[in-house]
Structure formats: structure tokens, C-alpha cells
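Chains as they are written, first to last, in our numbering: chain A, 1051 to 1462; chain B, 1051 to 1462.
Protein chains: 2
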Amino acid sequence: MMNINATRLRKSFESYSSIGETDAGGLHRLALTDEDKKVRNKFVTDLEALGVDIRIDKVGNIFGRREGTDPDADPVLIGSHLDSQPYGGRYDGQLGVLSALETLHTLEDEDITTTRPIEIVNWTNEEGSRFQHAMLGSAVFTGETTLEDALELTGQAGNRLGDELNRIGYDGQHPTEPFDIHSHVELHIEQGPTLAESDTSVGVVEGVFGIAWLRVTINGETDHAGPTPMHTRADAMASAADAVSAINRLPNRLSADAIATVGEFGVEPNSINVVPDQADFTVDVRSYDNDVVHRAVGRIREEIAAACQRHGTEYDVELVWRIPPTDFDPGTCDVLEAAATAADVSHHRMVSGAGHDAKYINDIAPTSMIFVPSVDGKTHNEEEFTEWEDCVAGAKVLAEATVRLAESLTHD
Amino acid sequence: MMNINATRLRKSFESYSSIGETDAGGLHRLALTDEDKKVRNKFVTDLEALGVDIRIDKVGNIFGRREGTDPDADPVLIGSHLDSQPYGGRYDGQLGVLSALETLHTLEDEDITTTRPIEIVNWTNEEGSRFQHAMLGSAVFTGETTLEDALELTGQAGNRLGDELNRIGYDGQHPTEPFDIHSHVELHIEQGPTLAESDTSVGVVEGVFGIAWLRVTINGETDHAGPTPMHTRADAMASAADAVSAINRLPNRLSADAIATVGEFGVEPNSINVVPDQADFTVDVRSYDNDVVHRAVGRIREEIAAACQRHGTEYDVELVWRIPPTDFDPGTCDVLEAAATAADVSHHRMVSGAGHDAKYINDIAPTSMIFVPSVDGKTHNEEEFTEWEDCVAGAKVLAEATVRLAESLTHD
């Protein structure tokens, strides 16, 4: 059994959390800012101290390689991301990178040389808050997005991603392209309430929900709110309210896991005494069952059509993003489960509602994830919190699973 | 019977409409802009040609007085406003001022001297689009708003109303205060569909709806849309959608004339994959029955409370504006009705859903209004349209009623 050093992990966590820390105890460390540069520098210094071979690729992903005894064996890849949401939490991403770092430290402590190499990674711009493409580093790495498109991304202040990479000194020279990977494990907070509700320390993640994003526009007629009787109106706001209300009631008629969210909403002309002639909103639909997502989109269109017919308005529904569910590698899940059992950590299998870098890596290598609980499911804000004993439990499972995978003879 | 000159009225209407005209045939002539200055100058020139006594008061209201035979008799006041909405229509306000001007022209043509004086008025900033206080000139005139507050109003570009009055040369010296008025009639477009739907040329306006304006804030919890199951959410958007949907269905359970409008709506953080933790919206409720408005506000609070209880969210409802219904003077309504009958113009009695300057004048003098139809109820945009024969019919009724009121011996 791998026995990590919980005190060292805690010190490391506190120290990294001081870079970009907020008054309320969160993190404000957006991708490719000065704070991101500082935390990357610290990460590289730590990797140098571990004596691993460091590579920085052209989109700024940082890899550290600890060699194994078999020079021909594919490596086990572990890691996550160090960038944060605006005024986000300290656990999202960072805990996965620091748990991976702790795995390498423990291997040094125990003087263990694995058969396979072990690689640690910090992906660039996972959050997609500053440059609007979430999971960017892993997307470019796996060929989902081209390097050229990534470098040309422009932030809200007009900065080009390529220029910002250069400014902070992380426009590396290593090609951003996939190499042979034996297996990949990412530790991450759940960002939902499931583990905390069931008082479980670790989730073995079997897959990721399928997602559909819709943009809806409803057009009616603008009228003076005073002299226009209800029956002569074509009210875009009233149509949208009926539709959103119905969309919110849909999921529990489709499946136990389906979810639907209307996150953006606006009306025109947005004046207190004018009947709105336009309403725009988004719908985010998810389920682990691709057929449920498909049917949900159909039902949402029907609800919008019904609301608009009732109010005499017109609508347009655009499907702006659609990804099928991801199934992680069953063999890797089995290793994680066995490691959790060996480490005597409470665990159950689960599915992720959110996307992660591991989703893209799953396209090129056997992959799974370790989730640790998010108290009250809070995430993407400064209240984000995971009990420290759960952080330690997750790190233990990661270390144990990494060694098991690094000794595994399958897949080569 | 007074027989107005429809050709002269048409020429005058086209000529005034060229000041601030838009490409789509509307008017963009906001209060105290250069266009407002031009149209005021033209109005003053026309009053000078008529030989009436001109007074400009401290808030820029323009009065023109045609003397009667009885120097002690209170005057009949007629008129409306020459400012427009942003990219508004040509009929709103302007038609009332030009019909009043045509009444004075006709009296000259016919060489009629009335017993009472007749005063024509152009009120300042009726629309309230540039400086946010609708019906401002009449509000200051009747003491509803102080002159000091009016002059300190600031437009969206930061201009002070008092400075803009001075800039265009309409910071008059006459005190802005009520004088004894025998009766007041304002001709205006209906801005609703009632007259057009019933194919009637003139509405005799018996009163104005009572109004309540509410500002509603709903607070829930922000969550990642992916990993958060429906049952653990406190979704402000879903709560608001349920509430707005219910509010929209309320009016027809309260009375035949009740109306409710949600005109402004916004959510925070307004992100496609985040459950909103805040939703803000407005409600505009109107009816001619004050008790209906009162009950509507109560029912709206109940619907919001029910929606929020269902979704586990909290709410705050603020009553930001409340005016009771206005009853216009029955005697003046009778005169208008008799004038319409004498002029052989189709007419019926009705109530106004919108506020007008006449509403404030009603506080200090017997008042009523003449409405002419708005095709499809369209107003406050460039599509606003009234058939010319209806404009002429309305102007005839105004001229006839003005003379009848100017000969009336009541009220002094």
C-alpha cells in the first residue's frame, strides 16, 4: 500500500493556494495571467526538485516524466489543471495536480521505481473563463482543437492567447500532439452533491454526461403596456416564461439523471411599460443516456412551440453544442476501485455531469477519474470546500492506483 | 358647426413631421434636443401669426392665449406635446397640438370671438425618454413635481434638464404654476386597438387606469449546471419563469379590463452552464377599477411566494409606483359626446390605459380627452399610424367642443 505524506500534501496545498488567493479564501487565478505564471513557476520548481524530465508544449501544457525500468513501456499519465474560475475555489483542478505531485513525492520517499514511466501534467486553460474554450490544453493535445485556433483565441480584454502565453514565458517548444499513453487518471472534486450526500470519500467515475446546448429566440410584437389588452398581445416574455417553466419540469419525466438549466435570459426592449417583442435564452440539457438527451431536445422544442402558439409568437431554436456521453475505460475503473478498497477508503461508482480534461484524453488512452466530495455541491465560487480527510483519501487512492497501473502489463 | 380646414391641418402635420423625421417615416424628436428646439420655434412662429399672447414658463411649457369677450372668464385649455419617443411615431402628441392649432385657425377663418378665452399648450417632456419623468411639464404645472427637482433631472448622456432648457432657449420666465382653467381637452391617439377594432373614429375618454409598478428580486443559489441534480437546486430563473407565467394568466381571472406586463427581466450570473442565483423583473398592472389593481398586486405576491416556495428560493417585492384610477369630468365628457354627435363622427366612451398630461390637469380643472384610433394599436415606434380621415374627425370634434366649452357658463 502506498502511504502518502498528508502533512506535506497539506503544506503544498496551502502554499499553492496563496498564489491568487482571495479575501474570502478562494482563488482568482485565471489562465495565463500573472498569477497563473507564478503558480506554473512554482510547479516547475517542484518538478525540478523531483528530478523529473520537464516538457512544455506549444499551448503551454506542462509535462513532467519520471522514468520507469522498462524504456519501451508507455507511461501512466496523472494530473489536472492549475487555473481557476474568477473568484473560484481552491480545490477545482489544483487538488488533482497536487495529489499527482504527492504521488511522485511518495515514490521518491519509498524509493520505488515503477516498470512504466509516470507522467504528471498541468493542462492549460481548463476553465475557459478568460479565453472561451473550456478544457483547451487537452483539446489541442488530442487534436480536438487545432493549435492555430487556440493561439488566436481572444480574451474579454482583447488579449490574444498566443501573446499571453509568450508574455508569461510558457509558449513552449515541444509539439502539442498525443503520444502513446498506457492509462490516464485525473483526480478532481465532484462539483455536485452526490458523494457528500452519501457520506462517501471517493467516486470512481465511469463516464461523463452527454450534453446539448440550445439558444432560443422568441419574437413577438412590442406594445405599450397600458392600452394594449391581453388578448391582442404577442408577448415574447410571457411565451418564454411558459416555455422555461415547462422546460424546468421536463427532466423528471425523462429519466432519473436528466437535468435542464436555463442559464442565460434577456428581453428586448427591456422597459417596464413595454410588452417585450424579443426574448432570448439558453438551455443546457444533460444525461448519461444519449437517447434521453436526444428526446429532451425534442420535448423542449415542443414546449417552446406550444408556448409560442398560445401567445401568437414565433421562435427559433439553434442547437449550438452537442456531445454524446463519454464512457471511461472499465479496466481503469476496476483498478481505481481495487485501489480504493485496498486503501480502505469509502467509494462508489458514479458518472460526471461536468466535462473535464480526462474526457478528451479518453479519446486516445484508457482513462478514468477519481472524484472527492464537494460539500453542498458548491463549486466555481469561493465557498467551494472539501473536507481535508477526503482530500487525503483521494490522494491515497490516486497514489495506489498509479503504482498499480504502472506495473500493469495490459494495453502495450 | 365648426368646419375645420382639413387641407391646412394636413399641410401643417406634414410640415411639423419633417422636423426630426426618420428614414422609416417616424419621428425622433426627444425633449430639449435641437429637433425639439426647431419644432418649438415653428410652433411659436405659428402662434405669433395667429396673434395670440405667448407665455413660456420656467419648465419650458408654451402657452398661447386667444382672448374672449368676457375678461373675467376662465379659459378653455387645449393642446398636448410635441416631443417624441426615440424612433417613435408622428401622431403621438403632435396630432393633439396641431388639432388645437387648427381650432384657433378655424376661429380666425370664421371670425368667431368666444366668450371665454382659449389657451393652447405644448407641454415639456411628456415622453420621459430622455429625462426619466413622463408627463413632466404638466406635473410641474400642477404641483405634482417641484420645479427644482425637474430642472435637476439628468439625461442618459449626463445633461441636466435645466441646462438643456437654457441651451435651446426655452427656459422661460413665466412662473410654472396653475391658473384658473374653465376646462381642458387633450386630443391624442389611443395607443391601443379598441377604436380601430370597433371601426370608431373618436373615443370620449372618461378616465385613466390605475397603475401599480412592482420590482421583484428572486434569490437562489448558483450551481454548476452539469453535476447539480434538479432536486438540490434553488434556481432563481426557474422560480421567476413560474411566477411570470402565472402573472400572465392572472388578469382574466380578475376583471375584463385588467392587464399585467413583465417588461424588464434579467438573471445573474447569466451564464449558459450556471444555475442562476438571481432573477430580477418588473410587473406593470393596470385596471380602471382600483380594487382590481389592489387585488392583482396581492395575487401577484401570492404567485411569487408559491413559485419560490416550490423552488426553495427567496424573494422581495417592492411596490415602486402606485396611482389610483383617474375619473375625468363627466360634464366635459358630455360636451365632447355632444360635439361628436353634432359633427356626425362615430364615437364611443372609453377609458385610457396610458397616462397623459390631461391626467394631471384633471387635478386642477374639469378635464377630458378625445382619442383617435391607432391602427393595430401600434405606438411608440415608427409603424404608429392613424387613418387621416380619423385625424380630421378628431380635430373637428375638438374644434366643436372647444367652442361649446368656451360658451359654457358653468364652473365659473
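Yeah, the Cβ is synthetic: ideal placement off N, Cα and C, and Gly gets one too.
Beta-bridge pairing of residue i - partner residues as DSSP gives them
| i | result |
| --- | --- |
| SER1130 (chain A) | A:ASN1172 |
| VAL1266 (chain A) | A:PHE1331, A:VAL1367 |
| ARG1210 (chain B) | B:THR1204 |
| HIS1224 (chain B) | B:ASP1107 |
| ILE1239 (chain A) | A:VAL1422 |
| THR1311 (chain B) | B:ASP1334 |
| ILE1261 (chain B) | B:ARG1336, B:ILE1373 |
| HIS1234 (chain A) | A:LEU1127, A:THR1417 |
| VAL1347 (chain B) | Paired residue(s): none; VAL1347 (chain B) is not in a bridge. |
| VAL1324 (chain A) | A:HIS1274 |
Whole-angstrom C-beta distance between residue j and residue i, which should lie under 8 Å
| i | j | result |
| --- | --- | --- |
| SER1065 (chain A) | ARG1140 (chain A) | 11 Å between Cβ atoms; not a contact. |
| LEU1082 (chain B) | LEU1211 (chain B) | 7 Å |
| ALA1443 (chain A) | SER1251 (chain A) | 4 Å |
| ILE1411 (chain A) | GLU1353 (chain A) | About 37 Å separates the two Cβ atoms, so there is no contact after all. |
| GLY1427 (chain A) | THR1278 (chain B) | 6 Å |
| GLU1450 (chain B) | MET1051 (chain B) | 6 Å |
| THR1226 (chain A) | ILE1414 (chain A) | With a Cβ gap of about 13 Å, THR1226 (chain A) and ILE1414 (chain A) do not count as contacting. |
| ASN1216 (chain A) | THR1174 (chain A) | Incorrect: roughly 13 Å between the Cβ atoms, too far for contact. |
| ARG1115 (chain A) | ASP1103 (chain A) | 4 Å |
| VAL1254 (chain A) | ILE1054 (chain A) | Going by Cβ atoms, the distance from VAL1254 (chain A) to ILE1054 (chain A) rounds to 18 Å, so no, they are not a contact pair. |
| SER1062 (chain A) | LEU1148 (chain A) | 5 Å |
| ALA1389 (chain A) | ARG1454 (chain A) | 6 Å |
| ASP1133 (chain B) | GLU1176 (chain B) | 6 Å |
| MET1287 (chain B) | PRO1319 (chain B) | So it is not a contact: roughly 11 Å between Cβ atoms. |
| VAL1370 (chain A) | ARG1351 (chain A) | Rounded, the Cβ-Cβ distance is 14 Å, inconsistent with contact. |
| VAL1342 (chain A) | SER1305 (chain A) | 5 Å |
Reduced DSSP secondary structure (H/G/I, E/B, other) of residue i
| i | result |
| --- | --- |
| ILE1373 (chain B) | strand |
| ASP1292 (chain A) | helix |
| ARG1399 (chain A) | strand |
| GLU1160 (chain A) | coil |
| HIS1274 (chain B) | strand |
| GLY1444 (chain A) | helix |
| GLU1318 (chain A) | strand |
| GLU1434 (chain A) | coil |
| GLY1362 (chain B) | coil |
| GLU1256 (chain B) | strand |
| GLY1138 (chain A) | strand |
| GLN1182 (chain A) | coil |
| ILE1218 (chain B) | coil |
| MET1052 (chain B) | coil |
| LYS1061 (chain A) | helix |
| HIS1406 (chain B) | coil |
| ARG1412 (chain B) | The identity of residue 1412 (chain B) in the sequence shown is Asn, whereas the question assumes Arg. Here ASN1412 (chain B) sits in coil by DSSP. |
| PHE1378 (chain B) | coil |
| PRO1279 (chain A) | coil |
| ASP1463 (chain A) | For chain A, the structure presents residues 1051 to 1462; residue 1463 (chain A) sits outside this window and is missing. |
| SER1149 (chain B) | helix |
| GLU1177 (chain A) | coil |
| ALA1390 (chain A) | helix |
| PHE1229 (chain A) | coil |
| LEU1245 (chain B) | helix |
| GLY1452 (chain A) | The sequence shown places Thr at residue 1452 (chain A), rather than the Gly named in the question. Helix. |
| GLY1193 (chain A) | coil |
Should the segment 1309-1321 of chain B be called in touch with the segment 1380-1387 of chain B, which here means at least 3 C-beta pairs below 8 Å? no
If you pair each beta-carbon of the segment 1396-1410 of chain A with each one of the segment 1271-1291 of chain A, do three or more pairs fall below 8 Å? no
With three or more C-beta pairs closer than 8 Å as the rule, is the segment 1083-1091 of chain B touching the segment 1213-1228 of chain B? yes
Mind listing, in chain order, the continuous beta strand (DSSP E) runs of no fewer than 3 residues lying wholly within the segment 1064-1117 of chain B? 1103-1106, 1112-1116
Can we say the segment 1257-1265 of chain B touches the segment 1323-1335 of chain B, given the rule of at least three CB pairs closer than 8 Å? yes
Should the segment 1170-1189 of chain B be regarded as contacting the segment 1201-1208 of chain B, the criterion being three or more beta carbon pairs within less than 8 Å? yes
Looking at C-beta atoms only, is the number of pairs between the segment 1121-1129 of chain A and the segment 1232-1241 of chain A that lie closer than 8 Å three or more? yes
At a cut of 8 Å, does the segment 1090-1104 of chain A reach the segment 1151-1159 of chain A through at least three beta carbon pairs? yes
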